[in-house]
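Here is the structure we will look at.
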Amino acid sequence: MICRKLPYWSGVGRLVDEQVRCGVRLGLCCLFKKEEISFKTITARTLLNLAAADRPYRLSAVCAANADSLLQAVKAVQRLGIGAFRIMSPLFPRMTHPDVGYRLADLPDGQRIEELLDEVRKWSLSHDIRLSFHPDQFVVLSSPHAAVVANSIRELEYQGWLAEMVGADVINIHGGGVYGDKQGALERFRRVFPTLSPRVRSRLAIENDDNSYTVRDLLPLAERLEIPLVYDVHHHRCLPDGLSVVEATRLAGATWQATGREQYCHISSPRAGWQGGNPKPHADYIDPDDVPACWQGMTMTVDIEAKAKELAVLRLMRDLAEAEMTASGAADPEPVWAGTR
DNA sequence: GCATGTCAAGTTGTG
DNA sequence: CACAACTTGACATGC
Numbered sequence: 005m006i007c008r009k010l011p012y013w014s015g016v017g018r019l020v021d022e023q024v025r026c027g028v029r030l031g032l033c034c035l036f037k038k039e040e041i042s043f044k045t046i047t048a049r050t051l052l053n054l055a056a057a058d059r060p061y062r063l064s065a066v067c068a069a070n071a072d073s074l075l076q077a078v079k080a081v082q083r084l085g086i087g088a089f090r091i092m093s094p095l096f097p098r099m100t101h102p103d104v105g106y107r108l109a110d111l112p113d114g115q116r117i118e119e120l121l122d123e124v125r126k127w128s129l130s131h132d133i134r135l136s137f138h139p140d141q142f143v144v145l146s147s148p149h150a151a152v153v154a155n156s157i158r159e160l161e162y163q164g165w166l167a168e169m170v171g172a173d174v175i176n177i178h179g180g181g182v183y184g185d186k187q188g189a190l191e192r193f194r195r196v197f198p199t200l201s202p203r204v205r206s207r208l209a210i211e212n213d214d215n216s217y218t219v220r221d222l223l224p225l226a227e228r229l230e231i232p233l234v235y236d237v238h239h240h241r242c243l244p245d246g247l248s249v250v251e252a253t254r255l256a257g258a259t260w261q262a263t264g265r266e267q268y269c270h271i272s273s274p275r276a277g278w279q280g281g282n283p284k285p286h287a288d289y290i291d292p293d294d295v296p297a298c299w300q301g302m303t304m305t306v307d308i309e310a311k312a313k314e315l316a317v318l319r320l321m322r323d324l325a326e327a328e329m330t331a332s333g334a335a336d337p338e339p340v341w342a343g344t345r
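Residue numbering for the first sequence follows this note's numbering, beginning at 5 and increasing consecutively.
So this is what it looks like as structure tokens:
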């Protein structure tokens with residue numbers, strides 16, 4: 005657990021000798037701005053307009069391209085010194101769609117796609133790139149509507165399968181709707197949880213949102229289910245709950261410690277600033293002042309939710325490194341980023 | 001080519 | 001009541 009020589013804000017904690025990573029690692033969400041890596045999609049309508057026999061070929065091309073892009077993505081992330089990557093939910097588009105859903109085994113290139121996923125897993129493991137998923141807003145385990153919950157479970161199982169394939173350790177979701185009765189909604193969430201497969205349960209995390217569920221609301225559920233709580237400090241600032249940032253960081257951190265894993269947090273900056281009206285929309289970049297001072301030196305993953313994507317992660321890494329150098333004066337003779345080029 | 005509406009899905013708050 | 005906001009583009013269509 006020696007990290008004297010490593011910068012606090014190292015991207016990956018590029019450990020050469022030590023086995024134990026430490027410091028904050030910054031994560032990229034889903035997409036790239038400048039790097040020429042993109043993901044394809046296909047709509048249900050397009051598939052339904054094709055003859056059923058043609059669909060697997062079309063899907064296979066999309067999925068193979070995306071699996072390849074994912075491998076390129078984790079390699080790019082590693083090259084840039086970024087330490088984590090959130091995988092976009094529709095990596096295999098429409099896979100759980102009721103009408104046009106499919107399995108990899110149905111696709112002509114299914115085996116090759118599986119091999120690519122295995123390459124992603126091996127690369128990420130050997131280069132310490134942490135992978136995660138963040139199912140979108142349609143996944144609502146607290147819904148009173150059975151059909152919504154059933155769709156949510158199906159989507160979660162898809163992501164759980166994929167997470168296992170690529171070695172991702174986090175599937176992070178929100179509490180969902182309130183329906184006029186927050187405790188009742190949380191209770192529904194609690195009851196659905198045991199019906200999930202082990203590979204989903206072991207990866208599921210719950211995140212405070214900017215609308216309904218705060219850290220304070222979710223902590224009892226996280227503790228009861230023994231799942232970790234992803235702390236989104238931007239959401240917390242948009243929807244305060246009486247806890248300080250320091251307290252929320254510590255309480256959320258304890259849920260990660262309880263599962264023996266590295267803490268996971270999110271950050272973003274308001275597009276129009278904190279004085280400019282609605283603070284919820286995300287800015288292109290992160291204002292370093294929005295980064296909690298108490299996070300410095302902590303061993304955690306912080307996903308950067310910013311529209312400039314990898315450019316925002318790189319800029320924040322630079323800004324924080326500079327701030328640290330300034331703060332420490334000439335104490336550290338080595339340039340902070342020497343190890344990450 | 002380029003502009004524009006549409007993508008499977010939920011829920012809440014605002015104007 | 002329509003629409004934006006949430007991890008966000010990218011596809012499909014029509015000019």
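Note that the Cβ used here is the ideal one computed from N, Cα and C, for glycine as well.
Query: Runs of alpha helix (DSSP H) wholly within the region 179-231 (minimum 4 residues, chain order); Result: 186-196, 202-205, 219-229
Query: For N282, the three-state DSSP class (helix, strand or coil); Result: coil
Query: Unbroken stretches of the alpha helix (DSSP H), 4 residues or longer, contained in the region 235-292; Result: 237-242, 249-262
Query: Contact the region 58-78 vs the region 294-302: 3+ CB pairs below 8 Å; Result: no
Query: Range covered by the alpha helix (DSSP H) that runs through V28; Result: Careful: V28 lies outside any alpha helix (DSSP H), inside the beta strand (DSSP E) at 28-33.
Query: Assigned exposure category for D293 - 16 Cβ within 10 Å defines buried; Result: exposed
Query: Same chain, Cβ closer than 6 Å to W355, neighbours up to 5 away in sequence not counted; Result: Look at the range of the chain in this structure, 5 to 345, and you will see that residue 355 is not part of it.
Query: Identity of the residues DSSP links to N176 by a beta bridge; Result: A209
Query: Euclidean distance between Cα positions of N53 and V104; Result: 11 Å
Query: CB contact flag (R158, A88, <8 Å); Result: no
Query: Neighbourhood of A327 by C-beta, 8 Å cutoff - its chain only, sequence neighbours within 5 removed; Result: P292
Query: Contacts around I189, its chain only, beta-carbon distance under 6 Å, and the 5 residues preceding and following it disregarded; Result: Reading off the sequence shown, one finds Ala at residue 189, where the question assumed Ile. If we look at A189 and ignore the five residues flanking it on each side, its Cβ neighbours are S146, V182, Y183.
Query: For D307, the first and last residue of its enclosing beta strand (DSSP E); Result: 304-308
Query: Helix, strand or coil at R107 [DSSP, three-state]; Result: coil
Query: Run of the alpha helix (DSSP H) containing I117, from where it starts to where it stops; Result: 114-130
Query: Spatially closest choice to K284 from V317, T263, A154, L243, by CA coordinates; Result: L243
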